[in-house]
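Asker:
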Amino acid sequence: MARARKEKQQKQRSKALWIVAIFMLLFIPAVVFQVVHQMGTLAQLRQEETALKSQLAQEQERSVELENQKAYYSSDSYIEEVAREQLGLVKPDEVVFKEQE
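See the structure below:
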């Protein structure tokens, strides 16, 4: 009887090992697939990050340029330049010479 019990236990262990082996054969490829997929996603996100960092740098440069333009357009020298060139204004102590046509 002890021998039959040992054989039965041996068969149960063998079945359990087969079940574990089949589970592992199905589980490992699924894990590998997920890891590969995640690596691809990570690579794509890194490319997007690089592109966005480049875009951010360009926008920061543009922001600096716009701030410089804003400062220039609000300066007295720009206002004077526009008044002279577009409006034809002169200072009270200036003499204007016009070309004859």
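Note that our numbering gives residue 111 to position 17 of the sequence shown, counting from 1, and the numbers run on in steps of one. Each residue gets a CB set at the ideal place from its N, CA and C atoms; glycine is no exception. Every value quoted in this text rests on a predicted model; they were computed, and no experiment measured them.
Give me the Cα-Cα distance between Ala177 and Gln141, rounded to the nearest whole angstrom.
Answerer: If I take the Cα positions, the gap works out to 50 Å.
Asker: Whole angstroms are fine: how far does the CA of Val114 sit from the CA of Ala124?
Answerer: Using only the alpha carbons, I get a separation of about 15 Å.
Asker: How long is the line joining the alpha carbons of Gln128 and Trp112, rounded to whole angstroms?
Answerer: Spanning the two alpha carbons is a distance of roughly 24 Å.
Asker: With DSSP collapsed to three states, give me the class of Phe191.
Answerer: Here Phe191 sits in coil by DSSP.
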